[in-house]
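Below you'll find the structure, written out as structure tokens, and then a few comments.
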Amino acid sequence: MAAAARARFHRLRVTAVDRLTDDSVALTFAVPQELREAYRHAPGQHLALRRTVDGTEVRRTYSICSAAPADGAPRTLRVGVRLVDGGAFSTYAHKEIAVGDELEVMTPAGRFTLDTTPDTTPDAAPGHYAAVVGGSGITPVLSIATTLLDRAPEARFCLIRSDRTTASTMFLEEVADLKDRYPDRFQLVTVLSREEQQAGLASGRLDQERLTALLPALLPVERMAGWFLCGPLGLVQSAERALRGLGVRRDRIHEEIFHVDAGPAPDRAGRTSTPAHSTVTAQLDGRAGSWPVQSGESLLETVLRNRPDAPYACKGGVCGTCRAFLVSGSVTMDRNFALEPEETEAGYVLACQSRPTTEKVELDFDR
Ligand code: FES
């Protein structure tokens, strides 16, 4: 089987830096003609940006907010970057990046995407989608909603967004523009957690209980063709529990988590099944190699020591860039906020979170 096209870095020129809020910017990159195929993307995908700080490579992923063009090959790409306290990349993006700079940008990745394959189940409402987003979770959903409404004249989209205040809300103008362009097909519900109620805006937190009451009042919940949940872990989990409780099928719920705290280090002391010596064999870009796994390292770290071109971005179990197929052997994952249950059942793992539990493990990054 031919190797799958894998993510690669190219230098792209910044053509706009737009301040969205006090703590967020949108960066636009020009995509030269010869790279447009490489940057073909589905709405909802993200780009990893990388730079080297004091000799250490830093990578961060940022979702594409621009619509996917009808011909698939983008001339520009726009991403949203929210400032994170002490964030090595976001601080640089806010303070230093200027029009004309060239950045190293990975080709698009991610599976939090719009699947417009018609759902033929009798109860499905075709082309009717909804999203529950918090904070910067709007970024990929803006691309999904815009692409869908632009391309499918019958499609409808309901966006339920949660933010702290109006001033901290990203892409206000872009969302207002969708409302202007598609008044009958785009529905917007905004909930602000730290602002007194204004005309038309709800206040307070969106938790499971509130969503369970709110969603059926807005939509035929269980008949929607797809639900996109994106934002902080707590919100996404609350929304998923609310939807499942309201009878929504698991395969109609798509999730992308932003902002996962590092949390306590996983306790591996009790894992008696971890072998003293393991070897990983990895297939990458059509070439395979085998290397010993050193104590305490993830399979991604083992592969990276020998193949620096191995794909990764967050190393935190969130972005899914390091996804690989487990051909043989077994692993345990420290955490997984990126792969859907169907993917893990099909045999995919996150290399950055995987520790071997057998003496030999074989991964295929090309599948
Ligand atoms: S590198 Fe992001 S999930 Fe592994």
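Residue 14 in my numbering is what sits at position 4 of the sequence shown, and the numbering runs on without skipping anything.
Backbone N, C-alpha and C fix where the C-beta goes; we use that ideal spot for every residue, glycine too.
Next on the checklist: Buried or exposed for Asp-376, going by 16 or more other Cβ atoms inside 10 Å?
Outcome noted: As a first step, residue 376 is located in the sequence shown; it is residue number 366 there, counting from the start. Buried is the call here.
Checklist entry - Ordered along the chain, which non-local residues of its own chain (more than five positions away) have a Cβ less than 7 Å from that of Leu-93? => result By one-based count along the sequence shown, residue 93 stands at place 83. Contacts found: Asp-33, Ser-34, Ser-100, Thr-101, His-104.
Next on the checklist: For Phe-268 and Val-337, what's the separation of their Cα atoms in angstroms?
Outcome noted: As a first step, residue 268 must be located in the sequence shown, where it is residue number 258. As a first step, residue 337 must be located in the sequence shown, where it is residue number 327. If I take the Cα positions, the gap works out to 29 Å.
Checklist entry - Quick one: Cα of Arg-278 to Cα of Glu-44, how far? => result The residue given as residue 278 occupies position 268 in the sequence shown. The residue given as residue 44 occupies position 34 in the sequence shown. Here Arg-278 scores only 45 on pLDDT, less than 50, and its place in the model is too uncertain to base an answer on.
Item to check | Endpoints, beta strand (DSSP E) assigned at His-56 | outcome: Position 46 of the sequence shown, counted from the first residue, corresponds to residue 56. 56-63 is the extent of the beta strand (DSSP E) around His-56.
Checklist entry - Between the Cα of Leu-228 and the Cα atoms of Leu-373, Arg-166, Thr-157, which residue gives the shortest distance? => result Taking the first residue of the sequence shown as 1, we reach residue 228 at position 218. Per the Cα distances, Arg-166.
Checklist entry - Do you know how far the Cα of Cys-324 is from the Cα of Leu-309? => result The residue you call residue 309 lines up with position 299 of the sequence shown. The residue you call residue 324 lines up with position 314 of the sequence shown. One C-alpha to the other measures close to 15 Å.
Checklist entry - Roughly how many angstroms separate the alpha carbons of Leu-124 and Ala-286, rounded to a whole number? => result Within the sequence shown, residue 124 is the residue found at index 114, counting from 1. Within the sequence shown, residue 286 is the residue found at index 276, counting from 1. Looking at the two C-alpha atoms, the distance is approximately 43 Å.
Checklist entry - Can you tell me whether Arg-204 is buried or exposed, with buried defined as 16 or more other CB within 10 angstroms of its CB? => result As a first step, residue 204 is located in the sequence shown; it is residue number 194 there, counting from the start. When all chains shown are included, Arg-204 counts as exposed.
Next on the checklist: Strictly closer than 7 Å from CB to any heavy atom of ligand 1: give me those residues in the order they appear in the chain.
Outcome noted: Leu-310, Tyr-322, Ala-323, Cys-324, Lys-325, Gly-326, Gly-327, Val-328, Cys-329, Gly-330, Thr-331, Cys-332, Ala-348, Leu-360, Ala-361, Cys-362, Gln-363
Item to check | Val-246 vs Glu-219 beta-carbon contact at 8 Å | outcome: Taking the sequence shown and counting its residues from 1, one reaches residue 246 at position 236. Taking the sequence shown and counting its residues from 1, one reaches residue 219 at position 209. Against a cut-off of 8 Å, the Cβ pair of Glu-219 and Val-246 comes out as no contact.
Next on the checklist: Can you look up Tyr-49 in the DSSP assignment and give me helix, strand or coil?
Outcome noted: As a first step, residue 49 must be located in the sequence shown, where it is residue number 39. Residue state, collapsed to three classes: coil.
Next on the checklist: With three or more beta-carbon pairs closer than 8 Å as the criterion, would you say the stretch 315-334 touches the stretch 61-71?
Outcome noted: Touching, yes, given that three or more Cβ pairs across the two stretches are closer than 8 Å.
Item to check | Residue from Val-199, Asp-64, Ala-235, Arg-317 with nearest C-alpha to Leu-158 | outcome: Here residue 158 refers to the residue found at position 148 of the sequence shown. Answer by Cα proximity: Ala-235.
Checklist entry - Is Thr-117 near Thr-86, with beta carbons less than 8 Å apart? => result On the sequence shown, position 107 is the one that residue 117 refers to. On the sequence shown, position 76 is the one that residue 86 refers to. Their beta carbons are not under 8 Å apart, which means Thr-117 does not touch Thr-86 by this criterion.
Checklist entry - Relative to the alpha-carbon of Ala-83, which residue among Asp-295, Gly-96, Ser-76, His-51 has its alpha-carbon at the smallest distance? => result The residue you call residue 83 lines up with position 73 of the sequence shown. The candidate whose alpha carbon is nearest that of Ala-83 is His-51.
Item to check | Collapsed DSSP secondary structure at Phe-19 in the structure displayed | outcome: In the sequence shown, residue 19 corresponds to position 9, counting from 1. Residue state, collapsed to three classes: strand.
Item to check | Own chain partners of Arg-121 with C-beta closer than 7 Å, once the 5 adjacent residues on each side are dropped | outcome: Along the sequence shown, read from residue 1 onward, the residue named residue 121 stands at position 111. Hits under 7 Å: Gly-330.
Item to check | Given Ala-98 as reference, the closest of Val-109, Glu-112, Cys-75, Thr-62 once Cα atoms are compared | outcome: Taking the sequence shown and counting its residues from 1, one reaches residue 98 at position 88. Ala-98 has its Cα closest to that of Thr-62, out of Val-109, Glu-112, Cys-75, Thr-62.
Item to check | Cα-Cα separation between Asp-344 and Pro-163, rounded to whole angstroms | outcome: Within the sequence shown, the letter at position 334 stands for residue 344. Within the sequence shown, the letter at position 153 stands for residue 163. Approximately 43 Å, taken between the alpha carbons.
Checklist entry - If you draw a straight line from the alpha carbon of Phe-19 to that of Ser-340, how long is it in whole angstroms? => result Position 9 of the sequence shown, counted from the first residue, corresponds to residue 19. Position 330 of the sequence shown, counted from the first residue, corresponds to residue 340. Near 31 Å, if we compare the C-alpha coordinates of Ser-340 and Phe-19.
Item to check | Unbroken beta strand (DSSP E) run spanning Lys-370, endpoints | outcome: Stepping through the sequence shown from its first residue, residue 370 is reached at position 360. It spans 370-374 - the beta strand (DSSP E) in which Lys-370 sits, taken as one unbroken run.
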